[in-house]
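Presented below is the structure to which this report refers.
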Amino acid sequence: MSENPEQYAFSGESPDNYEQKCLCVLVLDVSSSMNGKPMEELNQGLKDFQREVQEDFVAAQRIEVAVVTFGSRADLIQEPALTSNFEMPNLRTNGSTKLVDGVRLAINVAEERKEWYKSTGQTYYRPWIMLISDGKPDKDQDVTGLAEEIETKVNNKGFLFYAVGVEGYNHKKLAEISHSNTPPLPLKGLAFTELFKWLSASIAMVSKSSEGQMLSLPSPAGWAQIQI
Amino acid sequence: MNKKAIIAQASVTGSAHLQSGTPCQDSSAVWFSSDGEFLITIVSDGAGSCSHSHVGSAFVVKKTVDILKERIEKNKWFYNRVLPDAVQWKKELFFIFKAVKVGIQQIAEEVKTDYKAFSCTIMLAVSTRYGMAYAHIGDGRAAIRTENEEWKAAINPMKGEEANQTVFITSELWDESISSNYFDANVINESISAVALLTDGCERASFEMLSFDEETGKYYDPNKPFKPFFEPNYQNLFKMKWAGFSQDKINRLWAGFLENGNAKLRAETDDKTMILAVFEPENTNEKTI
C-alpha cells in the first residue's frame, strides 16, 4: 500500500475566543504653549500610533486606547475603545495647564475600566497611563497629592505610569509626579512619531506577554534624550 | 499486557522568546508503566520573568516523575484497575509537590541563586483507560476524551487578577494547607479514550476560554476543549502509529503543528507545550476507530 506522507499531518481548527484587554490612557497637554508645530506633530503622532496598533493583528484586538486632554480644564475626549472603533481626535490648544486634573481623570478612567473588565468577567493586563506635557502645572494643582497617589497605586500594581516631557517642560515637577522607578523622559525635539511607534511596539509586547514575563521593552533612544 | 497509549509530545519556543533570545521555558515528561496499564504525563511552564525557570521546569518534571513512580508502586495504585482514593491521592500529591519544592530550593542553593528564579507551574495526570488522577499548581489546561467521544476539561486553571499572572510551585500560596485554593488534585472515575495536557501557550488555540454570554452580558471562561482541534489529532495519531511512524517522527510532526498548525497557533508568542495521549481500544480494530 503506498502512503502519502501528507495524509498523516496533524491538523485542527481553533475556536474564536475573545481577547484579553490592555488599556492605554494617553494624558495629553493641550495648553497654549503647545500651539503650532508641537501640536501638529502630536496630532500626526497620534494618527501614526493608531495605524501601528491596527497593523498588528493580535495587538489590534487587545489594546484599548483612551485619550484625556488638559489645558484650562481636563476632558476625556475618547472613552476606552479598540483603535478600530474610533477616529483619532484632532487636538487643539486651549489655555493653561491643569495637569494634575488631567492625570487624576486618567487614573479614574483606568480604574473604572478595570472594574468594568472585572464585573464583566474579562481578563486584562495592567493598564498604562502615559502623560505628555510641555509645561508646568498651574499653581492651584496639587502636585504633591498626585505624586503620593501615583507612588502608592503603581506600587499596588494598579497601573503603570510613564511621563514624557516636551521641550520647555518642568522636569522637577514631572519627576515629582512620576513613580520613582520610571522617571520622566525628555522628548528629543518633536519626535512624537518615534515616541508613539515605541509606545505601540511596547504595549503590543506587553499585551502578548505571559506569567509576569520580564520584558525588555524597545529602547526609547529613538525619541528620548537619554544621558549615557 | 495492555497496549501502551500512543502519544505525541512537544514543546516549541514562543516567538517572543525567540526575539528576546530567551530559551523555551516549558518542559514535559511522559512515563509508561511496564505493563502498559497507565502512563504519567507532566507539563510545566517556567515563569517568563524568572532567569532560571527553564531549569526549574526541567527539574520539576523529572523529579516529580521519579517520586510519583515510587509512591504509586508503594500504594499499589493503578494496578489491577484500582484508582487511588481521592483523599489519599490529594494528600500524597501535596507531599510530593512539597518534596519537589524542597528539591528546587536545594539546586538553587547549590548555584547560590534565589529559588524563586526557578519558578514554574506544574500539571500532571496519571491516566488509564478507566480513569485518571491529576494534580496541578498554576495555569495550563487538561482535556479528556470520554467514552461517548466528547472532549471535556479535566481541571480548572488557576489565574491571577491580570491576564499574565498565575501561581507557581515555588509560591508560598499553596503549601500552607492541603485545602489551599492554589493546590488542586483529584481522581476522575470514568472511561477515557484520550488525554491532553497543555501549557497556557496552547490554550487559546485549543480551548474555548473567553466567551460572551448575551443573557448576562458577561464574559466567562467555558474551559471547554475545542473538539475540532482535538478530534482530528486523536484520529491522526492512530493513523501515524498504524503507519509505523517512530515516536521521534510523531513528536517532530507534533512540534511542527504546535508551531505553525493554524493561524492561532502561529500568532501565539508564548512557549507552547502539549502532550496528547490516546488509548487504543483493548480489542483494536482499525475500522472501529
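Chains as they are written, first to last, in this note's numbering: chain L, 1 to 228; chain P, 1001 to 1289. Ideal placement from N, C-alpha and C gives every residue a C-beta, glycine not left out.
Spatially closest choice to Val1043(P) from Cys1050(P), Gly1056(P), Ser1033(P), Gly1256(P), by CA coordinates = Minimum Cα-Cα distance from Val1043(P) among the listed residues Cys1050(P), Gly1056(P), Ser1033(P), Gly1256(P) corresponds to Gly1056(P).
Output the distance between the C-alpha atoms of Ala191(L) and Thr93(L), rounded to the nearest integer angstrom.
-> Distance between the alpha carbons of Ala191(L) and Thr93(L): 19 Å.
Complete alpha helix (DSSP H) runs within the region 45–78 of chain L (minimum length 4 residues, chain order) = For secondary structure counted as the alpha helix (DSSP H) over 4 or more consecutive residues, the region 45–78 of chain L holds these complete runs in sequence order: 57–62.
Start and end of the beta strand (DSSP E) containing Thr1273(P)?
-> It spans 1272–1278 - the beta strand (DSSP E) in which Thr1273(P) sits, taken as one unbroken run.
Give the C-beta separation of Leu42(L) and Leu76(L) to the nearest angstrom, bearing in mind that I take them to be a contact with Cβ-Cβ under 8 Å.
-> Rounded, the Cβ-Cβ distance is 17 Å, inconsistent with contact.
Buried or exposed: Pro220(L), going by 16 or more other Cβ atoms within 10 Å of its Cβ?
-> Per the 10 Å Cβ criterion, buried.
Indicate the three-state DSSP secondary structure (helix, strand or coil) for Gly165(L) in the structure shown.
-> In the structure shown, Gly165(L) sits in a strand (DSSP, three-state: E or B).
Step through the CB atoms of chain L and report whether any lies within less than 8 Å of the CB of Met1274(P).
-> No, Met1274(P) lies away from the interface with chain L (no Cβ there is under 8 Å from its Cβ).
Determine the burial state of Pro1281(P): buried for a count of at least 16 other Cβ atoms within 10 Å of its Cβ, exposed for fewer.
-> That one is exposed.
Starting from the beta carbon of Trp1254(P), find every residue of chain L whose beta carbon is closer than 9 Å, and list them in chain order.
-> The answer, in chain order, is Phe10.
Using a beta-carbon distance below 8 Å, is Arg1245(P) in contact with chain L?
-> Note on identity: in this sequence residue 1245(P) is Phe, with Arg being the wrong assignment. So yes, Phe1245(P) belongs to the interface.
C-alpha distance - Val1012(P) paired with Asp1213(P), whole-angstrom precision | Across the structure, Val1012(P) and Asp1213(P) are spaced so that their CA atoms are roughly 33 Å apart.
Mind listing which residues of the region 117–140 of chain L have their C-beta closer than 9 Å to chain P's C-betas, in chain order?
-> Listed in sequence order: Tyr117, Lys118, Ser119, Thr120, Gly121, Gln122, Thr123, Tyr124, Tyr125, Arg126.
By the 10 Å Cβ neighbour count, where 16 or more other Cβ atoms means buried, how is Ser1127(P) classified, buried or exposed?
-> It is buried - the Cβ of Ser1127(P) has at least 16 other Cβ atoms within 10 Å.
CA-CA distance, Met1(L) and Phe57(L)?
-> Summary for Met1(L): the model assigns pLDDT 42, below 50, so the residue's position carries little reliability, and this model does not support an answer.
Can you check the region 1019–1044 of chain P for any beta strand (DSSP E) of at least 3 residues that lies completely inside it and give the ranges in chain order?
-> Taking 3 residues as the shortest admissible run, the region 1019–1044 of chain P contains the following complete beta strand (DSSP E) segments, listed from N- to C-terminal end: 1026–1032.
Mind listing the chain L neighbours of Ser1206(P)? Cutoff is C-beta to C-beta under 9 Å, in chain order.
-> Chain L residues near Ser1206(P): Gly12, Ser14, Pro15.
Relative to the alpha-carbon of Phe1226(P), which residue among Ile1006(P), Ile1122(P), Glu1150(P), Trp1077(P) has its alpha-carbon at the smallest distance?
-> Looking at the Cα atoms, Glu1150(P) is the closest of the given residues.
Just tell me which of Met1274(P), Lys1249(P), Ser1193(P), Asp1248(P) has its CA closest to the CA of Glu1259(P).
-> Out of Met1274(P), Lys1249(P), Ser1193(P), Asp1248(P), Met1274(P) has the C-alpha closest to the C-alpha of Glu1259(P).
For Thr1269(P), count neighbouring C-beta atoms within 10 Å of its own C-beta (all shown protein chains included) and say buried if the count is 16 or more, exposed if not.
-> Its Cβ being crowded by 16 or more others within 10 Å, Thr1269(P) is buried.
Under a three-way DSSP split, which group does Glu1208(P) fall into?
-> Glu1208(P): strand per DSSP, three-state reduction.
What are the start and end residues of the beta strand (DSSP E) that includes Ala1005(P)?
-> First-last for Ala1005(P): undefined, no H or E at that position.
Show which residues of chain L have a CB atom less than 9 Å away from the CB atom of Asn1223(P).
-> Chain order gives no chain L residues near Asn1223(P), where near means a beta carbon separation below 9 Å; the closest approach is about 11 Å.
Do you know whose CA, among Val1167(P), Lys1152(P), Ala1153(P), lies nearest Lys1159(P)'s CA?
-> Taking only the C-alpha atoms, the option nearest Lys1159(P) is Val1167(P).
Tell me whether the beta-carbon of Ala1125(P) lies closer than 8 Å to the beta-carbon of Thr1022(P).
-> The criterion of a C-beta distance shorter than 8 Å is not satisfied by Ala1125(P) and Thr1022(P).
In terms of residues, what are the limits of the alpha helix (DSSP H) holding Arg1071(P)?
-> 1053–1075 is the span of the alpha helix (DSSP H), which, as asked, contains Arg1071(P).
Hey, how far is the Cα of Lys98(L) from the Cα of Val30(L)?
-> Cα atoms of Lys98(L) and Val30(L): separation of roughly 10 Å, rounded to the nearest angstrom.
Give the secondary structure of Pro280(L) by DSSP, where H, G and I count as helix, E and B as strand, and everything else as coil.
-> In the structure as shown, chain L starts at 1 and stops at 228, and residue 280(L) therefore has no counterpart that could be examined.
Count the other CB atoms, across all protein chains shown, that sit within 10 Å of the CB of Val183(L); report buried if there are 16 or more and exposed otherwise.
-> Here the sequence assigns Pro to residue 183(L), which means Val is not the residue at that position. The Cβ neighbour count for Pro183(L), taken over all protein chains shown within 10 Å, is under 16; the residue is labelled exposed.
Name the one or two DSSP bridge partners that Asp138(L) has.
-> Looking at the DSSP assignment, Asp138(L) forms no beta bridge with any residue, so it has no partner.
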